[in-house]
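Let me begin by presenting the structure, written as structure tokens, before commenting on it.
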Amino acid sequence: TYILAFESSCDETSVAVLKNDTELLSNVIASQINSHKRFGGVVPEVASRHHVEQITACIDEALEQAKISAKDLTAVAVTEGPGLVGALLIGIMAAKTFAWANHLPLIPVNHMAGHMMAGALVDKIEYPAMALLVSGGHTELVYVEKEGSYEKVGETRDDAAGEAYDKVGRVMGLTYPSGKAIDELAHKGNDTYHFPRAMMTTNEIEFSFSGLKSAFINLVHNAEQKGENPVQDDLENLAASFQAAVLDVLIAKTKLALEKYPVKTLIVGGGVSANQGLRERLTTEITDTKVIIPPLRLCGDNAGMIAAAAYIEWQKQHFAGLDLNAKPSLAFEIIEEKS
Ligand code: ATP
Ligand code: MG
Ligand code: FE
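Sequential numbering of the sequence shown, starting at 4, is according to UniProt numbering.
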């Protein structure tokens, strides 16, 4: 099978070709970061316009790199949600048009299932599995009893981990998105500030990062009142302290989820899974479960991961009609703890 996949949920326009289950023949990614940077975040209207401008060239490039033509394809896949409605619609319109014109079935894909299945492109997932999904809009743990069955067992009550990185990064004077820069600074500093770790004493699988963000902002403001400037004078320790607080909670709750739901594989996915500190800690601290962390090129938004998740749906012949619509707040079903 050859699947042509589209991803346009946020600020990356991406088209990929996947051969069978894991052979990624192309994965073209057009990032818009430079257009959003000066606004300190993604501007939805700007994102939609960029997707319109980029998508045709991405399709051509993806087919060319894969050295195949439309008539060789088996199916077309597209992210149906979650994401920005206007951005999602561009990918959906392009995918529908391509599918209709070439008489191909259309496979709708959940963006977060995509982040999860990025790992399937590089290693064999043994089921049941647990997924730690950490990105710009989500922080959740998902139980995957068998291929294609996704059940959320816990999530953040407020900010996502990536969102916390980006908000704190703004206070640190870093450009958006600031996760990578904070990660690099953190490696040169130490946890000297001991920020609060929320939810550490509960036995629930849940996260909260808004308190950490507030604690960070308060610390900087209080220091400024005293005539100090930690952002200028102590940035590496600030970054290391923030990152240590985020990672302590991510690791603790992942361990808790693995205790409550014994699985064979832990899959990690989402933009924050590019974090070097997180990758190191997961590898050294999760020792009795196989851990799959995608390579950096598959951590951020890309259509290759959407194709990987689509392959599972293709096997089940889960297709959508040409009336497929965007689902901006699409989410996995929440399951209560099995006791
Ligand atoms: P979602 O997937 O929830 O819809 P999104 O698609 O916007 O949101 P991704 O593209 O998956 O999110 O991830 C982007 C996020 O990853 C940003 O918040 C960015 O700061 C963060 N990020 C990227 N690299 C790193 C890193 N090395 N350390 C921490 N965070 C990082
Ligand atoms: Mg992005
Ligand atoms: Fe994403």
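All residues carry an ideal CB built from backbone N, CA and C; glycine is no exception. These numbers come from a predicted model, not from an experiment.
- [ ] May I ask which residues mark the beginning and end of the alpha helix (DSSP H) holding M202?
- [x] Locating residue 202 in the sequence shown gives position 199, where the first residue counts as 1. That residue, M202, is in no alpha helix (DSSP H); it is neither H nor E in DSSP.
Is it buried or exposed for H224, if we count other Cβ within 10 angstroms and need 16 for buried?
Residue numbering aside, residue 224 sits at position 221 when the sequence shown is read from its first letter. With a 10 Å radius around the Cβ and a threshold of 16 neighbouring Cβ atoms, H224 comes out exposed.
Close beta carbons around K330, own chain, < 6 Å, minus the five adjacent residues each side:
Within the sequence shown, numbered from 1, the residue matching residue 330 stands at position 327. Correct list, in chain order: E83, G84.
Review point. Skipping 5 residues on each side, what residues in its chain have a beta carbon closer than 6 Å to that of N278?
Key: Position 275 of the sequence shown holds residue 278. Within the same chain, N278 has close Cβ partners D186.
Review point. Just to confirm, does P85 get its C-beta within under 7 Å of one of the non-hydrogen atoms of ligand 1?
Key: Taking the first residue of the sequence shown as position 1, residue 85 is located at position 82. Within the cutoff, so yes.
Is the region 313–327 in contact with the region 127–146, if contact means three or more CB pairs nearer than 8 Å? no
Does the structure place the region 294–314 close enough to the region 108–118 that three or more beta carbon pairs sit under 8 Å? yes
Exercise for review: Work out the CA separation of A242 and S72 for me, nearest whole Å.
Suggested key: Stepping through the sequence shown from its first residue, residue 72 is reached at position 69. Stepping through the sequence shown from its first residue, residue 242 is reached at position 239. Looking at the two C-alpha atoms, the distance is approximately 48 Å.
Check your understanding: Where in the region 145–207 do unbroken runs of the beta strand (DSSP E), each at least 3 residues long, occur, reported from the N-terminal end onward?
Key -> 154–159
Straight-line Cα distance separating A121 from P199
Taking the first residue of the sequence shown as position 1, residue 199 is located at position 196. Taking the first residue of the sequence shown as position 1, residue 121 is located at position 118. Across the structure, P199 and A121 are spaced so that their CA atoms are roughly 32 Å apart.
Bridge partners of I6, per DSSP?
By 1-based counting over the sequence shown, the position of residue 6 is 3. Note: I6 sits in a beta bridge opposite L21, A78.
For T292, does the three-state DSSP call read helix, strand or coil? Residue mapping note: residue 292 aligns to position 289 of the sequence shown, counting from 1. T292: coil per DSSP, three-state reduction.
When every heavy atom of ligand 2 is checked, does at least one fall within less than 7 Å of the C-beta of E166?
If you number the sequence shown from 1, residue 166 lands on position 163. Answer for E166: no, Cβ out of range of ligand 2.
* Asked: What residue from L250, D63, K74, E207 has the CA that sits closest to A19's CA?
  -> As a first step, residue 19 must be located in the sequence shown, where it is residue number 16. Answer by Cα proximity: D63.
Point to revise | Proximity below 8 Å, CB of V271 to CB of L259 | key: For this step, residue 271 is matched to residue 268 along the sequence shown. For this step, residue 259 is matched to residue 256 along the sequence shown. Contact flag unset, no.
**Prompt:** So what's L327 in DSSP terms, helix, strand or just coil?
**Reply:** For this step, residue 327 is matched to residue 324 along the sequence shown. The answer is coil: DSSP assigns L327 none of H, G, I, E or B.
* Asked: How would you call S181, buried or exposed, if buried means at least 16 neighbouring beta carbons within 10 angstroms?
  -> Counting from one through the sequence shown, the residue named residue 181 turns up at place 178. Buried, because 16 or more other Cβ atoms sit within 10 Å of the Cβ of S181.
* Buried or exposed by the 16-neighbour rule on C-beta atoms within 10 Å, applied to E336 -> In the sequence shown, counting from the first residue as 1, residue 336 sits at position 333. Exposed: under 16 other Cβ atoms inside 10 Å.
Fill in: At least three beta-carbon pairs within less than 8 Å, the region 97–113 to the region 229–246
no
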